[in-house]
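Visitor:
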Amino acid sequence: GDSVTQMEGPVTLSEEAFLTINCTYTATGYPSLFWYVQYPGEGLQLLLKATKADDKGSNKGFEATYRKETTSFHLEKGSVQVSDSAVYFCALGKAAGNKLTFGGGTRVLVKP
Amino acid sequence: DTAVSQTPKYLVTQMGNDKSIKCEQNLGHDTMYWYKQDSKKFLKIMFSYNNKELIINETVPNRFSPKSPDKAHLNLHINSLELGDSAVYFCASSQDLSTVLFFGSGTQLSVL
Chain A
24 GDSVTQMEGP VTLSEEAFLT INCTYTATGY PSLFWYVQYP GEGLQLLLKA TKADDKGSNK
84 GFEATYRKET TSFHLEKGSV QVSDSAVYFC ALGKAAGNKL TFGGGTRVLV KP
Chain B
49 DTAVSQTPKY LVTQMGNDKS IKCEQNLGHD TMYWYKQDSK KFLKIMFSYN NKELIINETV
109 PNRFSPKSPD KAHLNLHINS LELGDSAVYF CASSQDLSTV LFFGSGTQLS VL
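The listed protein sequences derive, respectively, from chains A and B. The working numbering numbers the first residue of the first sequence as 24 and each following residue consecutively. The working numbering numbers the first residue of the second sequence as 49 and each following residue consecutively.
1) Let me make sure I understand the geometry here. Which of B:Asn65, B:Leu160 and B:Thr79 has the alpha-carbon closest to that of Pro117 (chain B)?
2) Does the beta carbon of Val133 (chain A) come closer than 9 angstroms to any beta carbon on chain B?
3) Which of the three DSSP states, helix, strand or coil, is assigned to Gly152 (chain B)?
4) Please state the DSSP three-state secondary structure of Asp118 (chain B).
5) Does chain B have any CB closer than 9 angstroms to the CB of Val110 (chain A)?
6) List, in chain order, every chain A residue whose beta-carbon is nearer than 9 angstroms to that of Lys119 (chain B).
7) Which chain B residues are close to Gly84 (chain A), counting only those with a beta carbon under 7 angstroms from its beta carbon?
8) In whole angstroms, what separates the C-alpha of Phe96 (chain A) from that of Leu56 (chain A)?
9) Does DSSP classify Leu75 (chain B) as helix, strand or coil?
10) Compute the beta-carbon to beta-carbon distance between Pro114 (chain B) and Leu122 (chain B), rounded to the nearest angstrom, for a pair I have assumed lies under 8 angstroms.
11) How would you call Glu72 (chain B), buried or exposed, if buried means at least 16 neighbouring beta carbons within 10 angstroms?
12) Can you check whether the C-beta of His108 (chain B) is within less than 9 angstroms of a C-beta belonging to chain A?
13) To the nearest angstrom, how far is the alpha carbon of Thr51 (chain A) from that of Thr74 (chain A)?
14) Report the neighbours of Glu65 (chain A) on chain B: residues whose CB is nearer than 8 angstroms to its CB, in chain order.
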């Protein structure tokens, strides 16, 4: 079946540091790929998405590129802020079946 | 206005009780979901309804019964609560077969 693997956290960084969260997937067909973010005490919010190979999703300074050859969708941000402290989820989705498969989440803590 | 709202936010109850969690979305979406997030933040889909019709049921015990009175509501009723049911339950919605989900803020269920 489909699966998503992402690096375990927590990841602790200083403000303005570079952030990378690795995500790899296993899926049949041509899934769409997503990053969702969960701030403390809140539900998940879509951060960015990519629907086909070589697409780059970007939002709020975060970027991720859909790499079919390495089945990866790594999340990056060049300079993190304290407000980026959250849990980040990588996910894949297919229209058929209409559901998302999530990775285990990576907690990121940014210190001033 | 909150797009996806669920109540209650916290629910503490004894083993063996029956409880319900309500969810409403005002986005006009056709599809609604219930997800369970365990203590390690792992998210797993439980149910999905499209236009009030059940389309996904991911091997959830039949103590869990979703009810969709209309497209804007998907309630979750749980009978004979067990300790292992303790988790955060998220309601979500999406438009048609789009896999971009909008999540509620979660219901933290604690079974004592």
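Backbone N, C-alpha and C define an ideal beta-carbon position, used for all residues, glycine too. Since this is a predicted model, take the numbers as computed values, not measurements.
Guide: Looking at the atomic coordinates:
1) Checked all of B:Asn65, B:Leu160 and B:Thr79; the closest Cα to Pro117 (chain B) is B:Thr79.
2) no
3) coil
4) strand
5) yes
6) Taking a Cβ-Cβ threshold of 9 angstroms, none of the residues of chain A is close to Lys119 (chain B); the smallest such distance is about 15 angstroms.
7) Counting only Cβ-Cβ distances below 7 angstroms, Gly84 (chain A) has no contacts in chain B at all, with the closest Cβ about 20 angstroms away.
8) 7 angstroms
9) coil
10) 6 angstroms
11) buried
12) The question names His, but residue 108 (chain B) is Val in the sequence shown. Not one chain A Cβ lies under 9 angstroms of Val108 (chain B).
13) 14 angstroms
14) Ser153 and Gly154
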